[in-house]
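Peer 1: Mind looking over this structure? Questions follow.
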Amino acid sequence: MVSSVSGGSQPLLQVLHGHPQSRPPIWFMRQAGRYLKEYRDVRARHPGFIEFCLTPEDAAEVTLQPIRRFGMDAAILFADILLIPHAMGQNVRFVKGEGPKLEPVVSADLMKTLSADKAAERLSPVYETVRLVRAGLDDDKTLIGFAGSPWTVATYMINGQGTKDPSAARQLFYREPQMVRDLMAMLVSATADYLIAQAEAGADALKLFDSWAAGLPENVFRELCLEANMEIARRVREKTDVPILYFPKGAGALYEAVAIEGSFEGLAMDTQMPMEWAKKTLSPHVALQGGLDPLLVVEGGKAMREAVEYLVKTFDGVPYILNLGHGFVPETPPEHVAEVVKIVRGD
Ligand code: 1CP
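Read the sequence shown against numbering that gives the first Met the number 0 and you will find it ends at 346, with the numbers running on by one and no gaps.
Encoded structure:
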């Protein structure tokens, strides 16, 4: 059993164990990335994005860069949610300027070419990255491992690309439910193994990204999002007691069901979340994280400062981690990021 020593000296783990801090711990989704020159320099050495993610020294370096520059309370492993389809045998490429391209899984025959069994094993370079990052982080900083949630990863696998419109996956579920259920079962299994291996290598907390949880009817959300992620959490907990954060982006009122029934230690909020409602309804059940609009950090100034202060004030006295409601975009000025950290710390 891998233990997270009930929070120890890490403020972020303290929050995930239900203990509010006098100032909220802080980190940012996509805190490693193109908005940092030092990231672009390392990225330029790699022709392929997947190959970059699977090079432990460089992945560890870019994981640590934002911590060195801004001193956030947590590092998030540098990897991508599409490493799992790659490791299951799907052809995944990242095309410059266009995002990910996958060979779409749209038939039972294509599904037969995929396998969950060895997927986590094939991602062993990621666990080496985890070990390198943990060794390079101060004891009071948390290392967050992560994976995509099964439905979100299935959406990319079925659509074949990054898209603003995940309807192909939803329609396939209505047309061929068993096929999508089989794919989901493979993803649950591979993802649980992958997260357990990250925890065993030294990740202090784990996050499941359900970036395509929006727009699903309640019964579909419950099956494909809530239940699938709870099943992963159950499997992870058989082997470790590392806390788990879940991000059901765009789930709206269904956030309440996730908070009450979900058994996750942390729940990440998107930018639309009504914060007073979240404090009253979700907070008694789960530690909360996030909500800041990443575009405020692009613009900076008074609007950004007021939004950050509002979050700090609203969640004063309850377990809360300051973060974005979605990832930084490449246009984000690093000086605005530094200013958010300063405001939150009360410097
Ligand atoms: O070189 C580059 O800058 C490529 C951009 C990039 C980066 C920095 C991609 C391609 N992935 C990543 C790293 C990454 N991805 C991390 C670790 C770094 C960090 O957060 O600091 C994480 C946690 C992810 C997770 C991820 N990848 C998600 C879930 C979170 C979210 O943004 O909703 C998703 C949906 C992806 C898919 C993905 N990977 C990359 C892109 C451009 C996309 C989105 C494609 C699309 O739908 O349009």
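Using N, Cα and C, we set each Cβ at its ideal position, and we do this for glycine too.
(1) Going along the chain, which unbroken runs of the alpha helix (DSSP H) with 4 or more residues stay wholly within the segment 224 to 293?
(2) Check the DSSP bridge columns for Ile49 and list the partner residues they point to.
(3) Three or more beta-carbon pairs under 8 Å between the segment 100 to 107 and the segment 33 to 41, yes or no?
(4) Return the first residue and the last residue of the alpha helix (DSSP H) that Pro216 is part of.
(5) I'd like the list of long-range same chain contacts for Leu223, defined as Cβ closer than 6 Å, with 5 residues on each side in sequence excluded.
(6) Could you tell me if the beta carbon of Gln89 falls within a distance shorter than 8 Å of some heavy atom in the ligand 1CP?
(7) Does Pro124 come out as helix, strand or coil in the three-state DSSP assignment?
(8) Can you round the beta-carbon distance between Pro24 and Ala73 to whole angstroms, since I take them to be within the 8 Å contact cut?
(9) Hey, is Pro329 close to the ligand 1CP, as in C-beta under 8 Å from one of its heavy atoms?
(10) Is the segment 233 to 245 touching the segment 197 to 215, taking contact as three or more C-beta pairs under 8 Å?
(11) Beta-carbon within less than 6 Å of Val253's beta-carbon, same chain only, minus the 5 sequence neighbours each way: which residues are those?
(12) Figure out for me which residue from Phe27, Glu305, Met268 and Lys312 has the closest Cα to the Cα of Gln20.
(13) In three-state DSSP terms, what is Ala331?
(14) Which of helix, strand or coil does DSSP assign to Val317?
(15) Report the three-state DSSP secondary structure of Lys206 (helix, strand or coil).
(16) Going by DSSP, which residues form a beta bridge with Leu66?
(17) Whose C-beta lies closer than 7 Å to the C-beta of Glu102 among residues of the same chain, with five residues either side of it excluded?
(18) Got a sec? Which residues, its chain only, sit under 6 Å from Ile259 by beta carbon, not counting five neighbours each side?
(19) Helix, strand or coil: which one does DSSP assign to Lys100?
(20) Report the residue from Tyr245, Thr62, Trp26 and Pro165 whose alpha carbon sits nearest the alpha carbon of Val343.
(21) Candidates Phe208, Leu131, Leu171 and Ala118: which alpha carbon is nearest Ser148's?
(22) What span of residues does the alpha helix (DSSP H) with Arg42 cover, start to end?
(23) Could you tell me the distance, in whole angstroms, from the CA atom of His45 to the CA atom of Trp276?
(24) Would you give the residue range spanned by the beta strand (DSSP E) that Arg92 belongs to?
(25) Whose C-beta lies closer than 7 Å to the C-beta of Gly17 among residues of the same chain, with five residues either side of it excluded?
(26) Reducing DSSP to helix, strand and coil, say where Gln20 ends up.
(27) Can you have a look at Ala337 and say buried or exposed, based on whether 16 or more other CB atoms are within 10 angstroms of its CB?
(28) Might you give, ordered along the chain, the residues of its own chain that have their beta carbon closer than 6 Å to the beta carbon of Ala59, omitting 5 neighbours on each side?
(29) Please confirm if the segment 77 to 89 is in contact with the segment 110 to 128, defined as three or more CB-CB distances below 8 Å between the two stretches.
(30) Determine, using beta-carbon pairs with one atom in the segment 286 to 297 and one in the segment 327 to 337, whether at least three such pairs fall under 8 Å.
(31) Using the Cα positions of Pro293 and Glu230, report the straight-line distance between them to the nearest angstrom.
(32) Could you say which of Gly345, Ile66, His325 and Leu186 lies nearest to Asp137 if we only look at CA atoms?
(33) Would you report the Cα separation of Asp57 and Asn218, rounded to the nearest angstrom?
(34) Pull the bridge partners of Ile75 from the DSSP assignment, please.
(35) Verify the contact flag: Ile342, CB atom, against every heavy atom of the ligand 1CP, threshold strictly below 8 Å.
Peer 2: With the given structure in hand:
(1) 227 to 238 and 254 to 260
(2) Residue mapping note: residue 49 aligns to position 50 of the sequence shown, counting from 1. Bridge partners of Ile49: none, in fact.
(3) no
(4) What you label residue 216 is simply residue 217 of the sequence shown in a count that begins at 1. No alpha helix (DSSP H) contains Pro216, which DSSP labels as neither H nor E.
(5) Here the question's residue 223 lines up with position 224 in the sequence shown. Closer than 6 Å at Cβ, skipping near neighbours: Trp150.
(6) In the sequence shown, residue 89 corresponds to position 90, counting from 1. Checking every heavy atom of the ligand 1CP against the Cβ of Gln89, none is found closer than 8 Å.
(7) As a first step, residue 124 must be located in the sequence shown, where it is residue number 125. Note: Pro124 maps to helix in three-state DSSP.
(8) Counting from one through the sequence shown, the residue named residue 24 turns up at place 25. Counting from one through the sequence shown, the residue named residue 73 turns up at place 74. The Cβ separation is near 7 Å, so the contact holds.
(9) Your numbering for residue 329 matches position 330 in the sequence shown. True, at least one ligand heavy atom lies under 8 Å from that Cβ.
(10) yes
(11) Against the sequence shown, residue 253 aligns to sequence position 254. Reading the sequence as shown, one finds Leu at residue 253 and not Val. These residues qualify, in order along the chain: Phe220.
(12) Working through the sequence shown from its first residue, we reach residue 20 at position 21. It is Lys312.
(13) Along the sequence shown, read from residue 1 onward, the residue named residue 331 stands at position 332. In the sequence as displayed, the identity of residue 331 is Thr instead of Ala. Coil, per DSSP.
(14) Reading the sequence shown from its first residue, position 318 is the one you call residue 317. If DSSP states are grouped into helix, strand and coil, Val317 belongs with coil.
(15) Taking the first residue of the sequence shown as position 1, residue 206 is located at position 207. Strand at Lys206.
(16) Here the question's residue 66 lines up with position 67 in the sequence shown. Checking the displayed sequence, the identity of residue 66 turns out to be Ile instead of Leu. According to DSSP, which records beta bridges pairwise, Ile66 is partnered with nothing at all.
(17) As a working note, residue 102 is residue 103 in the sequence shown. The residues are Gln89, Asn90 and Gly159.
(18) Taking the sequence shown and counting its residues from 1, one reaches residue 259 at position 260. The residues are His284.
(19) Counting from one through the sequence shown, the residue named residue 100 turns up at place 101. Strand.
(20) Sequence index remark: in the sequence shown, residue 343 carries index 344 (1-based). For Val343, the nearest C-alpha among the options comes from Trp26.
(21) Counting from one through the sequence shown, the residue named residue 148 turns up at place 149. Of the listed residues, the one whose Cα sits closest to Ser148 is Phe208.
(22) Counted from its first residue, the sequence shown places residue 42 at position 43. First-last of the alpha helix (DSSP H) with Arg42: Lys36 to Arg42.
(23) Residue 45 sits at position 46 when you count from the first residue of the sequence shown. Residue 276 sits at position 277 when you count from the first residue of the sequence shown. The alpha-carbon atoms of His45 and Trp276 are separated by roughly 45 Å.
(24) Translated into the one-based positions of the sequence shown, residue 92 becomes position 93. Note, Arg92: beta strand (DSSP E), Val91 to Val94.
(25) Here residue 17 refers to the residue found at position 18 of the sequence shown. Only Ala286 and Pro318 meet the Cβ criterion.
(26) Here residue 20 refers to the residue found at position 21 when the sequence shown is read from its first residue. Coil at Gln20, not helix or strand.
(27) In the sequence shown, counting from the first residue as 1, residue 337 sits at position 338. The residue in question, Ala337, is exposed, as its Cβ has fewer than 16 Cβ neighbours within 10 Å.
(28) As a first step, residue 59 is located in the sequence shown; it is residue number 60 there, counting from the start. So the list reads Thr128, Leu131 and Val132, once near-sequence residues are dropped.
(29) yes
(30) yes
(31) Residue mapping note: residue 293 aligns to position 294 of the sequence shown, counting from 1. Residue mapping note: residue 230 aligns to position 231 of the sequence shown, counting from 1. Answer to the nearest angstrom: the Cα atoms are 31 Å apart.
(32) The residue you call residue 137 lines up with position 138 of the sequence shown. The shortest Cα separation from Asp137 among Gly345, Ile66, His325 and Leu186 belongs to Ile66.
(33) Your numbering for residue 57 matches position 58 in the sequence shown. Your numbering for residue 218 matches position 219 in the sequence shown. Approximately 42 Å between the Cα atoms of the pair.
(34) Here residue 75 refers to the residue found at position 76 when the sequence shown is read from its first residue. For Ile75, which the question treats as bridged, DSSP gives the partners Ile143.
(35) Within the sequence shown, the letter at position 343 stands for residue 342. No, since every heavy atom of the ligand 1CP falls outside the 8 Å radius drawn around the Cβ of Ile342.
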